[in-house]
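Visitor:
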Amino acid sequence: MNKIFEVPLYAYERSPDQDASSPVRHKVIVIGAGPIGLAAAIDLAQQGIEVVVLDDNDKVSFGSRAVCYAKRPLEILDRLGCGQPMVDKGVEWNLGKVFFDDRQVYDFNLLPEGGHQRPAFINLQQYYFEEYLVNRVRELQEAGAPIEIRGRNKVEAIGTHPDHVKLEVETPEGSYTVEADWLIACDGAGSPVRSMLGLDFVGRVFEDNFLIADVIMDAGFPTERWFWFDPPFNRGQSALLHKQPDNVWRIDLQLGWDIDKEREKRPENVIPRLKAMLGEDVQFELEWVSIYTFQCRRMEKFRHGRVLFAGDAAHQVSPFGARGANSGLQDTDNLIWKLKLVMEGKAPESLLDSYDMERIHGADENILNSSRSTDFITPKSEMSRILRDAVLDLSEQYEFARPLVNSGRLSVPCTYDGSPLNSADALLDGPARTRPGSPCPDAPLDEGFLLPKLGDRFILLTIDADAPDLIEEDGIEVTRLALSVKDDPTLELKRRYLGDNDSAVYLIRPDQHVAARRPNYDENQFRHAIRRATGKE
Amino acid sequence: MSDLILTPNINGADDFYAELLAAHEGLDKAQSDALNARLVLVLANQIGDRAILTQAIQAAALKE
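Chains A and B, in that order, are what the protein sequence lines are. Position 257 of the first sequence, counting from 1, maps to 257 under full-length UniProt numbering, and the rest follow consecutively. Position 46 of the second sequence, counting from 1, maps to 46 under full-length UniProt numbering, and the rest follow consecutively.
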């Protein structure tokens, strides 16, 4: 079997940096070629900023790992040129079933809202995601973009300086020194960068273990998310069954705290567990087995001078709700445009502190939600279990109890309420979902959808309002996108951006979050809003 | 006569549930049972309507 995750995708090659007489200085170095590091590097390279990615490995992630991708991250990946292969390969799902003890208590349909280009969720193995990102890197390289991945380049030491960072890098051919103006650490939950800099990572440890197995089978299970509380085949614990592409099924079995991990991982112990769950006569093949424990924690700050942390390196959540990779992509989406403006001298360095503020807000929201799911799935006291079981018993007969059942609150993007980059909301009774700080919701247009038209620069979105086609304010260019409610016969554009107003003007950041909105164009107010959104006011 | 509400009716269901669990934190089982009993009586008084309370007791008994 020659799986994608067994093939070196960025094999070690000697770099001229290793033979340089003095350390070579790069614009940006990203540590970690996982999904978040690659997304950061692609975003930089697309904007013409030179970037080198260092990774201690040379392959994509082993096993499925992060399998569930939400709409907002898919929209971000569209901007990075990787959204389409994800959606083409991924499995879409909307239906779920909840089981308690030996019976199904209810089923649900996520009923995703219409008028969006991307689905609410897809399931896809992380190794495919990383492969598509590597493909995109290769495509950018062919087009001459300044991006490079160096496999088997392990960072051994970091020196931080006021205007650069110095790295000692170990390779199969010995070590070398290299420098960067900026360093982005995307080296995962165990982040060696974080340890080397002696930085904190505090939070709650959950005393539990989960067995995850990727199983290949031609089974008749429908494309649904099935979640069991306290099933006969895993007494006192939980279980999850989720479909991935290629007839691979992801199974998560909660094991409890006092277990022998090495023993539980052996096929002779895993297979009987799976047979008890799937049925004795179901034919399957094990692709990957792992045991994980988790914590909910974050760094106190994500920015440390010229070192910026993103993804699991900065924050870790329980897997319930698919908030790991999804939130990491929102980190880099938030960071890269700010870093670009700072590097070009178009915004003060303090703009990067808003990355800290906004994404810590996001991380706290994710930690809160995933901790609550964990407390429901793994009650930590007798009363907590009694209440949980009462909710499940009631949910079978009464609809009212179903919103209380918590097997994971699926990832939604956060609104940066209270961000210093927002201007006060000046659109009276405007829709709450597009208030300043919100991620722009998509909307159908006569031709295509709204979000691809926003792209990755500052946009002045006018809906039935006049404004100049281009505004320049202290080095920041803002391009107008002129639309009318008539461009969307379904009226979603009106519902999502106007409410009862006849017109609206939105200032939209390069990460497609709303910075300011008013009923009409007012030059003075929008110039202030642009300054504010770039950390100048 | 009004009917017992059996469709979702709590705004911020997750916040409510977290607050309920937090109220039990640090209590032993007997103390937790007593808290629940008091809570039932407080909520019953809030509802007031005898017919609704009868329907609620029947609903909680899961006998239908």
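Backbone N, C-alpha and C fix where the C-beta goes; we use that ideal spot for every residue, glycine too. Given the structure is predicted, the values throughout are model-derived calculations rather than measurements.
Apply the 10 Å Cβ neighbour rule to residue 126(A) and answer buried if 16 or more other Cβ atoms are within range, or exposed otherwise.
Guide: As a working note, residue 126(A) is residue 126 in the first sequence. Residue 126(A) is buried by the Cβ-count criterion.
Visitor: Please classify residue 63(B) as buried or exposed, where buried requires at least 16 neighbouring CB atoms within 10 angstroms.
Guide: For the purposes of this step, residue 63(B) is taken as residue 63 along the second sequence, with counting starting at 1. Exposed is the call here.
Visitor: Give me the residue from 157(A), 89(A), 102(A) with the minimum Cα distance to residue 232(A).
Guide: Reading the first sequence from its first residue, position 232 is the one you call residue 232(A). The candidate whose alpha carbon is nearest that of residue 232(A) is 102(A).
Visitor: Let me check one thing: in DSSP terms, what residues is residue 109(A) bridge-paired to?
Guide: Position 109 of the first sequence, counted from the first residue, corresponds to residue 109(A). 95(A).
Visitor: Step through the CB atoms of chain B and report whether any lies within less than 8 Å of the CB of residue 204(A).
Guide: To locate residue 204(A), count along the first sequence from 1; it is residue 204. So, not an interface residue.
Visitor: Taking the beta carbon of residue 15(B) as the centre, do at least 16 other beta carbons fall within 10 Å, making it buried, or is it exposed?
Guide: Within the second sequence, numbered from 1, the residue matching residue 15(B) stands at position 15. That one is exposed.
Visitor: In its own chain, which residues sit with a C-beta less than 6 Å from the C-beta of residue 9(B), not counting the 5 before and 5 after it?
Guide: The count along the second sequence starts at 1 and reaches residue 9(B) at position 9. Cβ within range, chain order: n/a, list empty.
Visitor: Verify whether the separation of the beta carbon atoms of residue 56(A) and residue 152(A) is less than 8 Å.
Guide: Residue mapping note: residue 56(A) aligns to position 56 of the first sequence, counting from 1. Residue mapping note: residue 152(A) aligns to position 152 of the first sequence, counting from 1. In contact: residue 56(A) and residue 152(A) (Cβ atoms closer than 8 Å).
Visitor: If you measure beta-carbon to beta-carbon, which residues of the segment 319-350 of chain A are closer than 8 Å to chain B?
Guide: The segment 319-350 of chain A vs chain B, Cβ under 8 Å: nothing.
Visitor: Can you list the residues of chain A that residue 29(B) reaches, using a CB-CB cut of under 7 Å?
Guide: The sequence position of residue 29(B) within the second sequence is 29, counting from 1. Residues of chain A passing the Cβ test: 382, 383.
Visitor: Determine, using beta carbons only, whether residue 196(A) and residue 132(A) come nearer to each other than 8 Å.
Guide: The sequence position of residue 196(A) within the first sequence is 196, counting from 1. The sequence position of residue 132(A) within the first sequence is 132, counting from 1. For residue 196(A) and residue 132(A), no; Cβs fall outside 8 Å.
Visitor: Within its chain, find whatever has a CB closer than 7 Å to the CB of residue 44(B); leave out the 5 residues flanking it on each side and keep chain order.
Guide: Counted from its first residue, the second sequence places residue 44(B) at position 44. Answer for residue 44(B): 53, listed in chain order.
Visitor: Does any residue of chain B bring its CB to less than 8 Å from the CB of residue 176(A)?
Guide: Residue mapping note: residue 176(A) aligns to position 176 of the first sequence, counting from 1. Chain B contact via Cβ: absent.
Visitor: Note down, in chain order, each residue of its chain lying with its Cβ closer than 6 Å to the Cβ of residue 261(A), except the 5 sequence neighbours on either side.
Guide: On the first sequence, position 261 is the one that residue 261(A) refers to. Closer than 6 Å at Cβ, skipping near neighbours: 291.
Visitor: Please report the residue range of the alpha helix (DSSP H) in which residue 84(A) lies.
Guide: Counting from one through the first sequence, the residue named residue 84(A) turns up at place 84. Counting along the chain, the alpha helix (DSSP H) containing residue 84(A) begins and ends at 83-89.
Visitor: Grab me the residues of residue 1(A)'s own chain with a C-beta within less than 8 Å of its C-beta, minus the 5 sequence neighbours each way, in chain order.
Guide: What you label residue 1(A) is simply residue 1 of the first sequence in a count that begins at 1. In this prediction, residue 1(A) has a pLDDT of 41, which is less than 50 and means its spatial position is unreliable; what the coordinates show is noted afterwards. Excluding residues within five positions, none has a Cβ falling inside 8 Å.
Visitor: Who are the neighbours of residue 32(B) on chain A, taking C-beta pairs under 7 Å?
Guide: Counting from 1 along the second sequence, the entry for residue 32(B) is found at position 32. Here the neighbours are 383.
Visitor: Run down chain A in chain order and give the residues with a C-beta less than 9 Å from the C-beta of residue 47(B).
Guide: Start at 1 with the first residue of the second sequence, and residue 47(B) comes out as number 47. Result: empty, since nearest Cβ-Cβ is about 14 Å, beyond 9 Å.
Visitor: If you compare alpha carbons, which of 171(A), 43(A), 282(A) is closest to residue 18(A)?
Guide: Along the first sequence, read from residue 1 onward, the residue named residue 18(A) stands at position 18. Looking at the Cα atoms, 171(A) is the closest of the given residues.
Visitor: Strictly under 8 Å for the Cβ-Cβ distance: is residue 106(A) near chain B by that measure?
Guide: Your numbering for residue 106(A) matches position 106 in the first sequence. Answer no: the Cβ-Cβ gap between residue 106(A) and chain B never drops below 8 Å.
Visitor: If we ignore side chains and look at the alpha-carbon of each, how far apart do residue 453(A) and residue 501(A) end up?
Guide: For the purposes of this step, residue 453(A) is taken as the residue at position 453 of the first sequence. For the purposes of this step, residue 501(A) is taken as the residue at position 501 of the first sequence. Computed Cα separation, rounded: 23 Å.
Visitor: Kindly list, in the order they appear in chain B, the residues whose Cβ is closer than 7 Å to that of residue 450(A).
Guide: If you number the first sequence from 1, residue 450(A) lands on position 450. In chain order: nothing, as chain B lies at least about 30 Å away.
Visitor: If you scan the segment 385-466 of chain A from start to end, which runs of the beta strand (DSSP E) of 3 or more residues do you find wholly inside it?
Guide: Qualifying beta strand (DSSP E) stretches, in chain order: 459-463.
Visitor: Quick check on residue 213(A): buried or exposed, where buried means 16 or more other Cβ atoms within 10 Å of its Cβ?
Guide: Here residue 213(A) corresponds to residue number 213 of the first sequence, with the count starting at 1. Label assigned to residue 213(A): buried.
Visitor: Write down every uninterrupted run of the beta strand (DSSP E) in the segment 453-531 of chain A whose length is 3 residues or greater and which is fully enclosed by it, in chain order.
Guide: Whole beta strand (DSSP E) segments, 3+ residues: 459-463, 470-473, 476-483, 504-508, 514-518.
Visitor: Which of helix, strand or coil does DSSP assign to residue 84(B)?
Guide: Outside the shown range of chain B, which is 1 to 64, sits residue 84(B), and nothing can be said about it.
Visitor: Which residues in chain B sit within 7 Å of residue 375(A), going by Cβ to Cβ distance?
Guide: Position 375 of the first sequence, counted from the start, is the residue given in the question as residue 375(A). Per Cβ cutoff of 7 Å: 21.
Visitor: Compute the Euclidean distance between the alpha carbons of residue 59(A) and residue 80(A), then round it to the nearest angstrom.
Guide: Here residue 59(A) is taken as the residue at index 59 of the first sequence, counted from 1. Here residue 80(A) is taken as the residue at index 80 of the first sequence, counted from 1. Answer to the nearest angstrom: the Cα atoms are 21 Å apart.
Visitor: What is the DSSP secondary structure of residue 325(A), reduced to helix, strand or coil?
Guide: Locating residue 325(A) in the first sequence gives position 325, counting from the first residue. Three-state result, residue 325(A): helix.
Visitor: Considering residue 31(B), what are the terminal residues of the alpha helix (DSSP H) in which it resides?
Guide: By 1-based counting over the second sequence, the position of residue 31(B) is 31. That run of the alpha helix (DSSP H) goes 29-47.
Visitor: Please give me, in chain order, every unbroken run of the beta strand (DSSP E) with length at least 3 that falls completely inside the segment 289-346 of chain A.
Guide: Counting only runs of 3 or more, we get 307-309.
Visitor: I think residue 124(A) touches residue 90(A), with their Cβ atoms under 8 Å apart; what is that distance to the nearest whole Å?
Guide: Against the first sequence, residue 124(A) aligns to sequence position 124. Against the first sequence, residue 90(A) aligns to sequence position 90. Contact flag correct, Cβ pair sits at about 4 Å.
Visitor: Which first and last residues belong to the alpha helix (DSSP H) in which residue 361(A) is found?
Guide: For the purposes of this step, residue 361(A) is identified with residue 361 of the first sequence, where counting begins at 1. Run containing residue 361(A): 351-377, per the alpha helix (DSSP H) assignment.
Visitor: Pull the bridge partners of residue 121(A) from the DSSP assignment, please.
Guide: Here residue 121(A) corresponds to residue number 121 of the first sequence, with the count starting at 1. Beta-bridge pairing links residue 121(A) to 70(A).
Visitor: Specify whether the segment 133-140 of chain A and the segment 175-195 of chain A touch according to this definition: at least 3 beta carbon pairs, one from each stretch, less than 8 Å apart.
Guide: Touching, no, given that fewer than three Cβ pairs across the two stretches are closer than 8 Å.
Visitor: Sorted by chain position, which residues of the same chain lie with C-beta nearer than 6 Å to residue 222(A)'s C-beta, five sequence neighbours on each side aside?
Guide: As a working mapping, residue 222(A) is identified with position 222 in the first sequence. Result list for residue 222(A): empty, nothing under 6 Å.
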